[in-house]
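Q: This note's numbering puts the first residue of the sequence shown at 1, with every later residue one more than the last.
Heads up, the beta-carbon is just placed ideally off N, CA and C, and yes, glycines get one too.
Shown below is the structure under consideration.
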Amino acid sequence: MTMIGRTYSSGREPNLEEWLLNKPLQNALNPDFPWAIWYPLRRNPEFYRLEHRERGRILGEHAMLGRSYAADGHASDIRLACFGLDTNDNEFVIGLVGPDLYPLSRLIQDMRSTEQTTKYIESLGPFFIGKVRQRFATCF
């Protein structure tokens, strides 16, 4: 399986270059975050029939949980949109990176109880887990 995606913005970010280019690279290349879990996801069509404000509320619950792990230094994310870019019609590729594997797995477990996941996720996975063994110099 190939996972491909593009960075994206909600339109509320004050610095698009930071959000779209720098932040994803910093998270992916952070030497303090050798563990990663990557997975695609697709929401069911009912989610897109909700009013914009209701979708925001649902996503806010999900985001708050992720931010709590980030605030404690356990996880950071790389979110890529992949609408129309793969054979399974996934919508996003999510990368969770962190210093240890357990909190990343626990974050995914905790997110299973959010309204977004319980009602509006059609498919999650497959999940790819990895740990950096050696870093190479980058041109970034």
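Taking 7 Å as the limit between beta carbons, can you name the residues of its chain near residue 62, skipping five residues before and five after?
A: Taken in chain order, the residues that qualify are 111, 114 and 116.
Q: Is the beta carbon of residue 78 sitting closer than 8 Å to the one on residue 95?
A: Yes, the Cβ-Cβ distance between residue 78 and residue 95 is below 8 Å.
Q: Compute the Euclidean distance between the alpha carbons of residue 8 and residue 17, then round it to the nearest angstrom.
A: When rounded, the distance between both Cα atoms is 11 Å.
Q: Taking only three categories from DSSP, how would you classify residue 103?
A: Of the three classes helix, strand and coil, the one that applies to residue 103 here is helix, per DSSP.
Q: Taking the alpha-carbon of residue 24 as reference, which of 5, 127, 45 and 121 has the nearest alpha-carbon?
A: The shortest Cα separation from residue 24 among 5, 127, 45 and 121 belongs to 5.
Q: Specify whether the stretch 65–79 and the stretch 97–108 touch according to this definition: at least 3 beta carbon pairs, one from each stretch, less than 8 Å apart.
A: Counting Cβ pairs under 8 Å, three or more are found: they touch.
Q: Below 8 Å on the Cβ atoms is my guess for residue 92 versus residue 40; work out the distance and round it to an integer in Å.
A: Yes, they are in contact, since the Cβ atoms of residue 92 and residue 40 sit about 7 Å apart, within 8 Å.
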